[in-house]
Amino acid sequence: MMHIPALLLNLAGLALLLVAMSKHQHDWLRRKLPAAASRNLRAGGFTLLGLAFLVSVAGLGWLEGTLAWFGWLTVAGIATVAANTNRERIQRWGARP
Amino acid sequence: MRAISTQGVSLVSRIVGATLGAFALTGLLTAATSVLLIRMGADPVEAATGTTIASFAVFAIAAMWVFHARSVLRAWIWLAVIGAPCAVIVLTLGARAAAG
Amino acid sequence: MKSTFRQSMACLHTWTGLLPGWFLFVIFLFGTIAYYQQEISHWMRPEIESGPVSARALDGADAILRQRAQGAGSWTIAIPDGRGGDGFTVSWAKPGAAWGDRTQVMLDPQTGAETAPRDTRGGFFLYRMHFDLHYMPVMWARYLVSLAALAMLVAIVSGIITHKKIFADFFLLRFGKGQRSWLDAHNVTAVMALPFYLMITYTGLVSLLFTLFPWAISASFPSEQAYYKAAFPSAPAAEVSSGPAPVMPLRDLVSRVNHAVPGYKAGYVTVNNPGSAGATLDAYPQYDEFGGARGSVHLDAVTGKVLAVPPAAGGATTTQRVMIDLHAGRFSGWGLRLLYFVSGLFGTVMVGTGLVLWTVKRRTRLPDPDRPYFGFWLAERLNIAVITGTPAGIAAYFLANRLLPHDLEQRADWEINSLFMVWGGVLVWAMARPARRGWVEGLSACAALFAAVPVINALTTPRGLVASLMRGDLLFAAFDLSMLATAALFAFAAWRVLTRRAKVPPRRTPREARGAFA
């Protein structure tokens, strides 16, 4: 049952990597973060991806764990791109009272 | 008109080189490497298996390289320059040659 | 061709992708489905329960062989792995009889009692179709499949070179934004599952090793037989003992095989000359363990003495096995299997959208969209026929499994023929209809056929969706639900193509309208 944490950690990691880029900061946060903050976000993103790998390998062994990590990274990547594509819709929905 | 047909011949030649040429080169290189490895003491099954596993990567690189080469003639010359010694190795050191 | 490296790679990507593309779509789709071949086999034999083979069932097989196969030249016992689905079968033949003349009996894996489910090749056919195709010699099919895979490898690498900018910020990828939506879907599926595609293409080529480049064998061995003898050493010839002697109980023989090599699980067992003192046994393993043993274990079938075990594999052979295991994913648990399946679907979508992309990019450049040149017309029709026809054929295969009478001669073959008849029907239809209509109708046909599968299943068997959910039969319920989900996806796709018409630039509207009535 390590699949769900592996997916969620990959998703969170990619989300941090997304907002670590200045173009996407403008889109999602409506402001540009200082360079140090961006660096920290990027480091945090990679750390979460690494954590996802560790969780995956701990639960499924080296082989299945590595394969599952790649697989969930693919799923998380597609989810992230889908969210980024529908950003305006998500922000409108989030801003509702 | 003449320019177009030269270009056409060059394109066809390039496509043939990137497919059949790269294919022949890969086959020769795979066979020759396997033969050399066996001569150096490798197990024949291992040598044949290992070189054939690598052959697909060799083909991909060869095909892309011929397709991009500055001139088709040069690509063909290089195919021959690499392929000919491989053919010699296979014909002189190969198992069928050795078996007579 | 004085172009940049990127340009020539873009050109290479287009053509190595397009020409084998229809073929690659078929290979990808069947390969993806094959990850669930055993579950599909189970669904296609609703008369029997499936699961790991019990010791009791082995005793049942033993009894049947001793009673009914006396004097046979050989016995075979096929033991499916724990996922089940494939039948637990025994077969036998008179000495010297052809393989086709064997008597075959299917047994219940729990009780060992004889069962006679409907005649079907089940999910196994879908798996074989992935690399052996159908209606043609297996070797031709494997040449074609290997060539397509090799082109795919070149298409992937040249695609990476062409589009390496995407990797710098792949969050810039978009889904479904207007005219670019086909390109976007192609890019997103291509980039996100790229490691999977590289792995699956290369390991696929290695699975059919020596098909395209057999010359390492011809140069390294005096003959092809010499290679096979060295690579798959046959068992030492048994001393010819005359006189009758009983074969050891099957249960004990299987247990001896499994203990002969650590981790070995007998999957396919042949007993030669049963009943004579010189009886021998050859066992091949189940392949559901990663990097597990491949070769055969050889026993004296009377005394149970181990005569030969598979030799230790060297580095290259081990690499080959690991690659084949990675490709087939037989070792994977339910979660990883789902990921293999999803990644395979992404691959299918990537190939399909790539094919559509070729026509979309060129349609705007056509001098007269009503009368495209032949190549364009053909590409567009093949797209419809392959992308909607293949799934429609698979749905028809499932429907035929439920609808064909059980006593039909060569019933299993007719299930397969149904697949190709529907596929051919879609092809003819696609040739005859205007392109956009063809798409909508093809996609709608897929939606209808997949939606029909659970309905027909509920009407013809006692194992419909509701009954399965009540019983807690997850496999049957999941199968029916995934048919409904597939139907919904196709219906959504049909609806999208239908409504996208309104968005085409007004300049082209009259022509589109004329096309619709043509």
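Chains as they are written, first to last, in my numbering: chain A, 1 to 97; chain B, 1001 to 1100; chain C, 2001 to 2518. Using N, Cα and C, we set each Cβ at its ideal position, and we do this for glycine too.
Practice prompt. Within the same chain, show all residues whose beta-carbon is closer than 7 Å to that of F2398(C), passing over the 5 residues directly before and after it, in chain order.
Written response: Here residue 2398(C) refers to the residue found at position 398 when the third sequence is read from its first residue. Correct list, in chain order: V2453.
Item to complete: Would you verify that the beta carbon of G1094(B) is, or is not, closer than 9 Å to some beta carbon of chain C?
Response: Here residue 1094(B) is taken as the residue at index 94 of the second sequence, counted from 1. By this cut-off, G1094(B) is an interface position.
Worksheet item: What does S1055(B) reach in chain C if we use C-beta pairs closer than 7 Å?
Response: The residue labelled residue 1055(B) in the question sits at position 55 within the second sequence. Those within 7 Å of S1055(B) in chain C are F2213.
Worksheet entry | N- and C-terminal bounds of the beta strand (DSSP E) containing L2281(C) | Residue mapping note: residue 2281(C) aligns to position 281 of the third sequence, counting from 1. Unbroken beta strand (DSSP E) run through L2281(C): T2280 to P2285.
Worksheet item: T2004(C): which of G1021(B), M1064(B), A1060(B) and S1034(B) sits nearest, CA to CA?
Response: Numbered from 1 along the third sequence, position 4 holds the residue referred to as residue 2004(C). Of the candidates G1021(B), M1064(B), A1060(B) and S1034(B), the residue whose Cα lies closest to the Cα of T2004(C) is M1064(B).
Fill in: Bounding residues of the beta strand (DSSP E) (the contiguous stretch that carries Y2268(C))
For the purposes of this step, residue 2268(C) is taken as residue 268 along the third sequence, with counting starting at 1. Taken as a continuous stretch (DSSP letters only), the beta strand (DSSP E) holding Y2268(C) covers A2266 to N2272.
Fill in: chain C contact residues for F70(A), given Cβ-Cβ distances below 9 Å
The residue given as residue 70(A) occupies position 70 in the first sequence. Within chain C, the residues A2193, P2195, F2196, M2199, L2339 and S2343 have their CB atoms less than 9 Å from the CB of F70(A), given in chain order.
Fill in: As assigned by DSSP and simplified to three states, the class of P2137(C)
Along the third sequence, one-based indexing puts residue 2137(C) at 137. The answer is coil: DSSP assigns P2137(C) none of H, G, I, E or B.
Worksheet item: Should A2057(C) and F2088(C) be called a contact, given that it needs their Cβ atoms to be closer than 9 Å?
Response: The residue labelled residue 2057(C) in the question sits at position 57 within the third sequence. The residue labelled residue 2088(C) in the question sits at position 88 within the third sequence. The Cβ atoms of A2057(C) and F2088(C) lie closer than 9 Å to each other.
Worksheet item: Under the DSSP definition of a beta bridge, which residues are partnered with Q2104(C)?
Response: The sequence position of residue 2104(C) within the third sequence is 104, counting from 1. The partner list for Q2104(C) (beta bridge, DSSP) reads S2091(C).
Worksheet item: Do you know offhand how far Y2340(C)'s Cα is from T2348(C)'s?
Response: If you number the third sequence from 1, residue 2340(C) lands on position 340. If you number the third sequence from 1, residue 2348(C) lands on position 348. Those two C-alpha atoms are separated by around 12 Å.
Item to complete: To the nearest angstrom, report how far apart I98(A) and A83(A) are at their CA atoms.
Response: This structure cannot settle anything about residue 98(A), because the visible part of chain A is limited to 1 through 97.
Worksheet item: What three-state label does DSSP hand P2372(C) in the structure shown?
Response: The residue labelled residue 2372(C) in the question sits at position 372 within the third sequence. Assigned with DSSP and collapsed to three states, P2372(C) falls in coil, not helix or strand.
Worksheet item: chain B beta carbons: is any one of them nearer than 9 Å to that of G2314(C)?
Response: In the third sequence, residue 2314(C) corresponds to position 314, counting from 1. Among the CB atoms of chain B, one or more fall inside 9 Å of the CB of G2314(C).
Discussion item. Which residue wins for smallest C-alpha separation from A2313(C), given the options G2354(C), L2212(C) and P2233(C)?
Written reply: Within the third sequence, numbered from 1, the residue matching residue 2313(C) stands at position 313. A2313(C) has its Cα closest to that of P2233(C), out of G2354(C), L2212(C) and P2233(C).
Discussion item. Could you check whether the stretch 49 to 57 of chain A touches the stretch 2 to 11 of chain A, counting it as contact only if at least three pairs of C-beta atoms, one from each stretch, sit closer than 8 Å?
Written reply: Yes, since at least three Cβ pairs between the stretch 49 to 57 of chain A and the stretch 2 to 11 of chain A fall closer than 8 Å, the two stretches touch.
Worksheet item: So with Cβ pairs under 9 Å, would you call I1082(B) a contact of chain C?
Response: As a position in the second sequence, residue 1082(B) is number 82, starting the count at 1. For I1082(B), no CB of chain C lies under 9 Å from its own CB, so it is not counted at the interface with that chain.
Practice prompt. Determine the DSSP secondary structure at P2391(C), reduced to helix, strand or coil.
Written response: The residue labelled residue 2391(C) in the question sits at position 391 within the third sequence. DSSP, read as helix, strand or coil, puts P2391(C) in helix.
Practice prompt. Use the C-beta contact count for A2260(C): other C-beta atoms within 10 angstroms, 16 or more gives buried, fewer gives exposed.
Written response: The sequence position of residue 2260(C) within the third sequence is 260, counting from 1. So A2260(C) counts as buried.
Worksheet entry | Of the residues W62(A), S22(A) and W28(A), the one placed nearest R92(A), counting alpha carbons only | Mapped onto the first sequence, residue 92(A) falls at position 92. Out of W62(A), S22(A) and W28(A), W28(A) has the C-alpha closest to the C-alpha of R92(A).
Worksheet entry | Three-way DSSP call (helix, strand, coil) for H2163(C) in this model | By one-based count along the third sequence, residue 2163(C) stands at place 163. H2163(C) falls in the coil class under three-state DSSP.
Worksheet item: Nearest chain C C-beta to T1006(B) closer than 9 Å, yes or no?
Response: Translated into the one-based positions of the second sequence, residue 1006(B) becomes position 6. Judged by the 9 Å Cβ criterion, T1006(B) is not in contact with chain C.
Discussion item. Please tell me whether E88(A) has its Cβ less than 9 Å away from any Cβ of chain C.
Written reply: The sequence position of residue 88(A) within the first sequence is 88, counting from 1. No, because no Cβ of chain C sits closer than 9 Å to the Cβ of E88(A).
Worksheet entry | Closest residue to T2319(C) among A1048(B), I1053(B), I1077(B) and V1009(B) (Cα-Cα distance) | As a first step, residue 2319(C) must be located in the third sequence, where it is residue number 319. Selected option, being the one with the closest Cα: I1053(B).
Item to complete: With 9 Å as the threshold, decide whether the Cβ of L1020(B) is near any Cβ in chain C.
Response: Taking the first residue of the second sequence as position 1, residue 1020(B) is located at position 20. Answer no: the Cβ-Cβ gap between L1020(B) and chain C never drops below 9 Å.
Worksheet item: Who does W28(A) pair with in a DSSP beta bridge?
Response: The residue you call residue 28(A) lines up with position 28 of the first sequence. BP columns for W28(A) are empty, so no partner.
Worksheet entry | Reference A2403(C), options C2011(C), T2120(C), Y2035(C) and G2084(C), closest by Cα | Counting from one through the third sequence, the residue named residue 2403(C) turns up at place 403. First, the residue type needs correcting, since residue 2403(C) is Leu and not Ala in the sequence shown. Of the candidates C2011(C), T2120(C), Y2035(C) and G2084(C), the one whose C-alpha sits nearest the C-alpha of L2403(C) is T2120(C).
Worksheet item: How many Å lie between F2023(C) and V2145(C) at the Cα?
Response: Here residue 2023(C) corresponds to residue number 23 of the third sequence, with the count starting at 1. Here residue 2145(C) corresponds to residue number 145 of the third sequence, with the count starting at 1. The C-alpha of V2145(C) is placed about 8 Å away from the C-alpha of F2023(C).
Worksheet item: Is the distance from the Cβ of A2491(C) to the Cβ of L2443(C) below 9 Å?
Response: Within the third sequence, the letter at position 491 stands for residue 2491(C). Within the third sequence, the letter at position 443 stands for residue 2443(C). Yes. Within cutoff.
Item to complete: Please determine, among F1056(B), A1042(B), R1039(B) and S1013(B), the residue with the shortest C-alpha to C-alpha distance to W1076(B).
Response: Your numbering for residue 1076(B) matches position 76 in the second sequence. Comparing Cα-Cα distances from W1076(B) to each of F1056(B), A1042(B), R1039(B) and S1013(B), the minimum goes to S1013(B).
Fill in: 3-residue-minimum beta strand (DSSP E) runs that sit fully inside the stretch 2299 to 2374 of chain C, ordered along the chain
Runs of beta strand (DSSP E) with 3 or more residues, each lying fully within the stretch 2299 to 2374 of chain C, are found at 2306 to 2308, listed in chain order.
Worksheet item: List, in order along the chain, the chain C residues whose C-beta lies closer than 9 Å to that of S1013(B)?
Response: Position 13 of the second sequence holds residue 1013(B). Those do not exist, as S1013(B) stays about 11 Å from chain C at its closest Cβ, beyond 9 Å.
Fill in: 8 Å Cβ shell around V2138(C) - same chain, five flanking residues per side excluded
By 1-based counting over the third sequence, the position of residue 2138(C) is 138. Excluding sequence neighbours, V2138(C) sits near D2132.
Worksheet item: How far does the alpha helix (DSSP H) with T1026(B) in it reach, from first residue to last?
Response: Taking the first residue of the second sequence as position 1, residue 1026(B) is located at position 26. A1022 to R1039 is the span of the alpha helix (DSSP H), which, as asked, contains T1026(B).
Worksheet item: Under the rule that 16 or more other beta-carbon atoms within 10 Å means buried, what is S2223(C), buried or exposed?
Response: What you label residue 2223(C) is simply residue 223 of the third sequence in a count that begins at 1. Burial call: exposed.
Fill in: Neighbour-count burial assignment, V2154(C), 16 or more Cβ in a 10 Å radius
Against the third sequence, residue 2154(C) aligns to sequence position 154. Within 10 angstroms of the beta-carbon of V2154(C) lie 16 or more other beta-carbons, which makes it buried.
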